[in-house]
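Working notes, beginning with the structure itself.
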Amino acid sequence: MTAEDRLRTYRGRRDFERTREPSGDAAAGEGGPRFVVQIHDARRMHFDFRLQVEDVLKSWSVPKGPSTDPADKRLAVPTEDHPLEYEDFEGVIPKGEYSGGTVIVWDRGTYEPLGHDSGGRPVDFAESLERGHATFRLHGDKLHGEYSLTRFRGGADEEEAWLLVRKGPARSAGHGTPDPRRARSVRTGRTLAQVAGDAGRE
Ligand code: MN
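Here the sequence shown is numbered in my numbering, starting from 19 and rising by one per residue.
Now the structure itself:
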């Protein structure tokens with residue numbers, strides 16, 4: 019599938035005359051695959067967890083956000099693939115538009131796909147996700163270490179549901195997840211309220 023096909027749902031839901039979200043035409047950059055975690059103050063506050071797979075960002079909506087505590091299992095509901103430039107998106111999606119609300123870039127960086135088959139060969143990351151289980155190591159400003167995404171529900175006609183879990187010994191000093199209203203952008207240091215306020219003054 020080309021990025022063009024993969025982004026059809028994303029583009030179909032948005033009017034790029036009205037939202038400043040990217041329409042998506044950037045090619046993949048150098049270095050490891052990227053990840054980004056955004057906080058999105060939409061109808062319901064949530065975190066958006068995105069992993070670059072080839073030329074798109076695979077995306078999950080995580081209501082409580084990723085936790086650094088291995089004891090926490092965080093619900094992650096898949097959403098449509100997003101364009102790579104979305105990792106820079108911070109701002110206000112107008113009310114009435116698809117997923118209207120304020121977005122900040124909470125964390126981002128690169129990740130290493132992990133996982134081996136029984137023969138010790140590295141597994142293909144995209145394939146692992148398709149099969150419903152993938153592990154990876156995040157190298158962000160805030161998030162570091164190994165995480166897994168595992169599908170636990172999702173048949174032909176039920177909505178898919180996954181769990182995002184921090185791997186590692188339970189004794190590792192996890193601090194859970196910050197309060198989304200106090201959290202600051204890794205890009206600009208702003209809170210959701212500050213981004214919303216700045217957009218209002220433009
Ligand atoms: Mn969202």
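Don't be surprised by glycine CBs; every beta carbon is placed ideally from N, CA and C.
Alpha carbon to alpha carbon, how far is residue i from residue j?
i      : j      : result
Thr195 : Ser203 : 14 Å
Lys76  : Arg61  : 22 Å
Arg38  : Thr168 : 32 Å
Ile57  : Pro40  : 17 Å
Gly186 : Gly163 : 8 Å
Phe154 : Ser166 : 6 Å
Ala89  : Glu35  : 44 Å
Asp73  : Asp23  : 11 Å
Trp78  : Ala217 : 26 Å
Arg205 : Gln212 : 13 Å
Tyr116 : Leu156 : 29 Å
Thr209 : Ala201 : 6 Å
Asp175 : Asp142 : 27 Å
Gly42  : Pro101 : 5 Å
Gly207 : Gly138 : 42 Å
Arg29  : His64  : 21 Å
Lys91  : Arg126 : 21 Å
From the options, pick the residue whose C-alpha is nearest to that of residue i; which is it?
i      : options                           : result
Arg31  : Leu93, Asp99 and Glu164           : Asp99
Val54  : Thr128, Thr97 and Thr27           : Thr128
Asp59  : Lys91, Ala211, Gly119 and Thr27   : Gly119
Lys160 : Thr86, Gly137, Glu145 and Ala214  : Thr86
Leu182 : His151, Arg29, Val123 and His157  : His151
Pro51  : Arg171, Pro131, Glu145 and Lys185 : Pro131
Ala44  : Asp33, Glu35 and Leu25            : Leu25
Glu178 : Thr20, Arg29, Ala94 and Lys82     : Ala94
Arg219 : Phe170, Val110 and Leu156         : Val110
Val123 : Asp33, Arg199, Arg171 and Asp23   : Arg199
Gly133 : Arg149, Ser79 and Val121          : Arg149
Arg171 : Pro96, Gly158, Thr27 and Asp33    : Pro96
Could you check what DSSP says for residue i in three-state terms: helix, strand or coil?
i      : result
Val204 : coil
Glu9   : No answer is possible for residue 9: it lies beyond the span of the chain, which begins at 19 and ends at 220.
Arg141 : Checking the sequence, you will find Val at residue 141 rather than Arg. DSSP places Val141 in coil when its eight states are reduced to three.
Thr27  : helix
Leu161 : coil
Arg184 : strand
Arg171 : strand
Arg258 : The structure shown does not extend to residue 258, since the chain spans only 19 to 220, so no value can be given for it.
Glu35  : coil
State yes or no: is the C-beta of residue i nearer than 7 Å to some heavy atom of the ligand PLP?
i     : result
His58 : Inclusion of the ligand PLP in the displayed structure is not the case, the ligand content consisting of the ligand MN alone.
(message) Below 8 Å, how does it come out for the segment 88-107 and the segment 49-68: are there three or more Cβ pairs, yes or no?
(response) With the cut-off at 8 Å, the segment 88-107 and the segment 49-68 touch.
(message) Ignoring anything shorter than 3 residues, give me the beta strand (DSSP E) runs that lie fully in the segment 112-159, in order along the chain.
(response) Complete beta strand (DSSP E) runs here, min 3: 119-132 and 151-158.
(message) At 3 residues or longer, what runs of the beta strand (DSSP E) sit wholly inside the segment 31-108?
(response) Taken in chain order, the whole beta strand (DSSP E) runs of length 3 or more contained in the segment 31-108 are 52-59, 63-71, 74-80 and 91-101.
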